[in-house]
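The structure appears right after this line, and notes come after that.
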Amino acid sequence: MIGPLTLLWLSDVQGDQVDRLDLLEHLLPVYGEIFGRLAARGVEWIQIDEPILALDLPLAWSNAFERAYHILQYSPLKKLIGLYHGDLRPNLGIAALLPVAGLHLDSVTEPELLAPVFDRLPVYKVLSLGECDTHSGWHQESLLEARARFGENLMVADQFAA
Numbered sequence: 001m002i003g004p005l006t007l008l009w010l011s012d013v014q015g016d017q018v019d020r021l022d023l024l025e026h027l028l029p030v031y032g033e034i035f036g037r038l039a040a041r042g043v044e045w046i047q048i049d050e051p052i053l054a055l056d057l058p059l060a061w062s063n064a065f066e067r068a069y070h071i072l073q074y075s076p077l078k079k080l081i082g083l084y085h086g087d088l089r090p091n092l093g094i095a096a097l098l099p100v101a102g103l104h105l106d107s108v109t110e111p112e113l114l115a116p117v118f119d120r121l122p123v124y125k126v127l128s129l130g131e132c133d134t135h136s137g138w139h140q141e142s143l144l145e146a147r148a149r150f151g152e153n154l155m156v157a158d159q160f161a162a
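What follows is the structure, encoded as structure tokens:
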């Protein structure tokens with residue numbers, strides 16, 4: 001599911017007088033309702049994709065992440081913040097400290113993108129890695145390091161898995 005901040009970032013607002021971030025307070029209850037309905041149907045986990053975390057965000061947008069996810073933390077679902085095809089390092093501090101169950105990274109192609117995540121993400125959180133080429137030497141090393149650090153809180157999807 002696309003996250004509320006990415007949704008607002010990508011939105012086209014009519015007129016110059018509307019700040020997209022002003023709409024966040026109206027959007028969060030809708031997300032809360034969706035999460036509640038999913039939980040009522042037995043869903044336990046949800047991945048919330050926030051690809052704008054790979055951007056150099058203005059301070060107001062960076063601060064909005066903390067505010068938004070502190071409100072959404074009260075929904076009954078376990079949440080993974082998802083990022084794909086990007087470098088999380090500019091906003092890793094924000095992502096690592098959000099009150100969510102974990103972080104999902106997809107299509108990591110460079111080892112230097114993972115090391116900071118291993119260092120900053122608390123070990124009690126889930127680290128989910130998608131599309132990992134487990135046949136690549138550096139991927140194998142990185143996965144062993146992640147397994148040693150996160151233990152049972154590591155989830156890995158082989159890129160060749162069906």
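Under UniProt numbering, the residue at position 100 of the sequence shown is numbered 100, and the numbers go up by one with no gaps.
For each residue, glycine too, the CB sits at the ideal point set by N, CA and C.
Euclidean distance between Cα positions of R120 and A157: Approximately 22 Å between the Cα atoms of the pair.
Own chain residues within Cβ distance below 7 Å of K78, not counting five before or after: Same-chain partners within the cutoff: E44, W45 and A101.
Residue span of the beta strand (DSSP E) that contains Y69, given as start and end: Judged by DSSP secondary structure, Y69 falls outside any beta strand (DSSP E) and instead within the alpha helix (DSSP H) spanning L59 to L72.
Simplified DSSP assignment, three categories, for A161: Residue placement at A161 cannot be trusted, given a pLDDT of 46 that sits under 50; the coordinates are not used to answer.
8 Å Cβ cutoff met for L143 and W61: Against a cut-off of 8 Å, the Cβ pair of W61 and L143 comes out as no contact.
Residue environment, P51, which counts as buried when at least 16 other CB atoms sit within 10 Å: Around the beta carbon of P51, a 10 Å sphere encloses 16 or more other beta carbons of the protein chains shown; the residue is thus reported as buried.
Residue nearest to L21 in terms of C-alpha spacing, selected from N63, Y74, L113 and L103: If we check each option's Cα against that of L21, N63 comes out closest.
Coil, strand or helix - H26 by DSSP: Collapsing the DSSP output to three states places H26 in a helix.
DSSP bridge partner residues for S128 (one or two, in chain order): Bridge partners of S128: H104 and M155.
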